[in-house]
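K.L.:
Heads up, the sequence shown is in numbering that gives the first Met the number 0, so the first residue is 0 and it goes up one at a time. Cβ coordinates follow ideal geometry from the N, Cα and C atoms, glycine included. No experiment lies behind these values; they were computed from the predicted model shown.
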Amino acid sequence: MTPNFERTHPISIEDLENRASSIRMLLLDVDGILTDGLLYLSNSGDEYKTFNTLDGQGIRIAISKQLQIGIITGRKSKIVSSRAAELGIKIVKQGCLDKESALADISHETGIPYAEIAYAGDDVPDLPVLKKVGLSITVPNGHASAKAVSHTITSESGGAGAVREMIDFILSKRE
């Protein structure tokens, strides 16, 4: 990953690497980050999402290396609960209309300060969190407003390995 030059105030590669080296927790939005952002609905109203196995393996690796992983999402879905449980993600905040409050709760509950938290989001509801954390990340298919405030943009799109890219980068700077 490289510094985001679309950002209102770009940062240097050294600053990006320093930020990544102190990260103890990666929090993720779901739609557009862990998924491609598309919602698949059946005629009976069932909802479907697709998740990338590279991201899943990356999450397992992160947890094994003591990089905590959590989810903050505006929607509520059994699919998200199931996928989080399957991957061993213990921090799951769904139905969050105020993601900044969810961030504050997670920071308080875990004792991890904002400076040691990375957050990946792709749209307007993510902006307050992207502006507060030590490392803010978005994806190429994210909204322009998220790109304007994020420290970096992944090469891979949401739902296509972006989370694995984030994890690999953070872990490489923590070693």
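1. Near Glu-164, which residues of its chain fall below 7 Å by C-beta distance, leaving aside the five closest residues on each side in sequence?
2. Val-186 lies in the beta strand (DSSP E); which residues open and close that run?
3. With distances taken from CA atoms, which of Ala-159, Leu-129, Ala-84, Tyr-118 is nearest Arg-59?
4. Compute the distance between the beta-carbons of Asp-28 and Asp-104, then report whether it is under 8 Å.
5. For Met-24, write down the residues that DSSP places opposite it in a beta bridge.
6. How about Val-138 and Gly-157: do their beta carbons lie closer than 8 Å?
7. Below 8 Å, can you find three or more Cβ-Cβ pairs linking the region 123–143 to the region 41–54?
8. Could you name each continuous alpha helix (DSSP H) segment of 4 residues or more that falls completely within the region 112–157, going from the start of the chain to the end?
9. Can you find at least 3 beta carbon pairs, one from the region 69–86 and one from the region 25–39, that sit closer than 8 Å?
10. Are the beta-carbon atoms belonging to Ala-144 and Leu-126 less than 8 Å from one another?
P.N.:
So, from the listed chains and residues:
1. To locate residue 164, count along the sequence shown from 1; it is residue 165. Only Met-0, Thr-153, Ser-154, Glu-155 meet the Cβ criterion.
2. As shown, the chain starts at 0 and ends at 174. That puts residue 186 outside it, with no answer to give.
3. Looking up residue 59 in the sequence shown gives position 60. Nearest C-alpha to Arg-59: Ala-84.
4. The residue labelled residue 28 in the question sits at position 29 within the sequence shown. The residue labelled residue 104 in the question sits at position 105 within the sequence shown. No, the Cβ-Cβ distance between Asp-28 and Asp-104 is not below 8 Å.
5. In the sequence shown, residue 24 corresponds to position 25, counting from 1. DSSP output for Met-24 lists Gln-67, Ile-116 as bridge partner(s).
6. Taking the sequence shown and counting its residues from 1, the one referred to as residue 138 is at position 139. Taking the sequence shown and counting its residues from 1, the one referred to as residue 157 is at position 158. Yes.
7. Under the Cβ criterion (8 Å, minimum of three pairs), the region 123–143 does not count as touching the region 41–54.
8. List check, alpha helix (DSSP H) in window: 126–131, 143–148.
9. yes
10. On the sequence shown, residue 144 is found 145 positions in, with the first residue counted as 1. On the sequence shown, residue 126 is found 127 positions in, with the first residue counted as 1. Sequence check: residue 144 is Ser here, not Ala. With a cutoff of 8 Å on beta-carbon distance, Ser-144 and Leu-126 are scored as near each other.
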